[in-house]
Amino acid sequence: MKLASFASAILLVLSVSQVANAQVLFRSNMESDAAFGQNNLIRSSSTADPLNNGATFGLDYSASPYFIPEAPNTQPGDAPTTGLMLEANANYSPNFDFGAANAISVYPLGQSFSGNFSFQFDLWMNTVGPFPAGGGGSTEYAGGFIGYDPNNDNDNDVGTDPVALDGAGLLVSGEGGGSRDWQMYGDDEQQWYTTHNFPLTLTGDLNGDRKVDLGDYTLWRDNLGTVVETAGTGFDLDSSGVVDAGDYDIWKENFGNTQVNDLYYEELSTDNADTNTYLEEIFPGVSPPAGQTNLFPDKQTGTTKDGTLAFRWVTFEFTVDTDAGTALVEVTDADTGVTAQIGTFTYDNTYVNQDSITEKIVTDFSGNVALTYMDPFNSIAETVGPNGSLVYYSFGLFDNMVVTQLSGGLASANVPEPASVLVLGGFSLLGLAVVRKARQAKS
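According to full-length UniProt numbering, the residues represented by the sequence shown are 1 to 443, in order.
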């Protein structure tokens, strides 16, 4: 989609000021790669073909073979069904028969945001079936980052090039095939849900609902006198080998205690899509677009798992206050308008090591923003079609990216010099493998 004119682009930039009312600081509709820059890098030591990460700007996603409906936040004057497609480990090279852990990030050139602002974009995740299991190599992730430094080199990266994962972010799998499908990040360190539970073990919580209450008493009462196979397991809290009065005493001592998560939203019981009632109710399983099913009825068929994002438009929003040191992350289903709170970053709750809570990352929410697509596995998603034709259905589709100053707060953004106004809305591309040259969609 295009900005109405070069003049309106100038006005958009010059209108950035610190006022109380909501105001657009930056907007892009991902239609054209004109004046866009690229920054290629290698994060992995793998020799995987560098042509298999990439971006396609101005993709008409309504056309065959995609058949994807219009994004929810398209503005008047925008081309209604064009956006940016990001791919990782895409099997486009004839010599590409293995994968590596890859990611690609897209960020606006010369931008930096601070204060009280929101970062929002529309996302459609496409993947290869059949469902609910998904096809070979179908588990990939998409999302975004705030506080993104395009020049940073995180410690876990091979070499000294900038990285795709930096700042504070959320990445979500499309078809729920991961052990952790909703992943919050501090730089390139995934923040495991379990690592952020306090206390890590809640004594007396017999039903696993993260609180010691009458529900646990009922389980103790109903199992009173039961001999356990292994002492200290099940409802045997005192490791006596039998459910008895000693276990009641331990439950009573801990009655009223709760387990809290200092990062993920309290209604989330896990960062996995499976058995996560809160997410399952907001994002029920859906089927691929009918056009995809008609083309490939043996692959693009079935229904995705509840709690997953594939084959639906959603809107990601980061609500940031850099002065308070908080960033709320939410995802809204475009069809129902229902919003899922995923978690809140603070300056104190992201950790360097996902297995340890002793060493913290200093994550600054001020800086740039990024759109990200990642394949964390050493695999490639299969293509579909007769005779090995390369129809690749695993990708993230991004549209309608906007950064907005929030009402009642101050926010600031870099204002480009006149010579750089021509690249307003331009982006640079980062990947965890060498990023192939952006493929401009042809009309």
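All C-beta atoms in this analysis are idealised placements derived from N, C-alpha and C, irrespective of residue type, glycine included. Keep in mind it's a predicted model, so treat the numbers as computed, not measured.
Once DSSP output is grouped into helix, strand and coil, what is the label at residue i?
i    : result
N400 : strand
L123 : strand
E317 : strand
Q75  : coil
A88  : coil
N29  : coil
A290 : helix
T194 : helix
L295 : helix
T56  : strand
E382 : coil
G425 : Unreliable placement is indicated for G425, whose pLDDT of 44 sits below 50; no coordinate value is reported for it.
G115 : strand
Q259 : coil
G83  : strand
Y264 : strand
T270 : coil
E189 : strand
F67  : coil
A133 : coil
By alpha-carbon positions, which one of the options ends up nearest to residue i?
i    : options                : result
T82  : A88, G137, N73         : N73
G232 : G241, G225, T226, L224 : G241
L406 : V320, Y217, D262       : V320
Y393 : D187, V243, V128       : V128
N294 : Y347, G385, V260, D335 : G385
Q75  : S28, R180, V243        : S28
F113 : D323, I342, G396       : D323
E267 : N254, S239, L237, D209 : D209
L263 : A334, T326, S105       : T326
M184 : D271, S366, E70, G302  : D271
D364 : E31, Y217, G186, A55   : G186
I146 : G396, S138, F117, P297 : F117
T56  : G178, T230, A101, S32  : S32
T303 : N126, N368, D205       : N126
Q190 : D205, G246, K305, A168 : A168
F345 : Y265, N152, D399, A334 : Y265
N400 : F316, A273, A164, I250 : F316
D298 : G215, T383, S105, A334 : T383
Which stretch, first to last residue, makes up the alpha helix (DSSP H) that contains residue i?
i    : result
E253 : 245 to 254
R221 : 214 to 222
A103 : From DSSP, A103 is part of no alpha helix (DSSP H) but of the beta strand (DSSP E) over 102 to 108.
I282 : 277 to 282
With residue i as the anchor, note down where its beta strand (DSSP E) starts and where it stops.
i           : result
G143        : 141 to 148
D333        : 326 to 333
S173        : 168 to 173
D375        : 368 to 375
residue 491 : No statement about residue 491 is possible, as the shown extent of the chain runs from 1 to 443 and does not include it.
Y185        : 182 to 186
How would you label residue i, buried or exposed, when you count the other beta carbons within 10 angstroms and need 16 or more for buried?
i    : result
N53  : buried
A340 : buried
P150 : buried
R221 : exposed
F198 : exposed
E140 : buried
T308 : buried
E359 : exposed
T201 : exposed
L86  : buried
A63  : exposed
T404 : buried
P108 : buried
D49  : Note that D49 scores a pLDDT of 49, beneath 50, so its modelled location is shaky; the value from the coordinates is reported in the next line. It is buried - the Cβ of D49 has at least 16 other Cβ atoms within 10 Å.
P80  : exposed
G159 : The predicted position of G159 is uncertain, since its pLDDT is 40 and thus under 50; a value taken from the coordinates is nonetheless stated next. When all chains shown are included, G159 counts as exposed.
E330 : buried
L237 : buried
V24  : exposed
L59  : buried
Let me check you understand the geometry: is the CB of residue i closer than 7 Å to at least one non-hydrogen atom of the ligand FAD?
i    : result
A142 : Here there are no bound small molecules, and the ligand FAD is not part of this structure.
So is residue i in contact with chain C if we call contact Cβ pairs under 8 Å?
i    : result
T404 : Although the question refers to chain C, the structure presented lacks it and comprises just one protein chain.
Item to check | Any 3 or more C-beta pairs closer than 8 Å across the stretch 219 to 228 and the stretch 285 to 305 | outcome: no
Next on the checklist: Check whether the stretch 363 to 372 and the stretch 129 to 137 touch, using three or more Cβ-Cβ pairs below 8 Å as the test.
Outcome noted: no
Checklist entry - Within the chosen definition, does the stretch 169 to 179 reach the stretch 251 to 260 through at least 3 CB pairs nearer than 8 Å? => result No, they do not touch.
Checklist entry - How do the stretch 109 to 124 and the stretch 276 to 283 stand: do at least 3 beta-carbon pairs fall below 8 Å, yes or no? => result no
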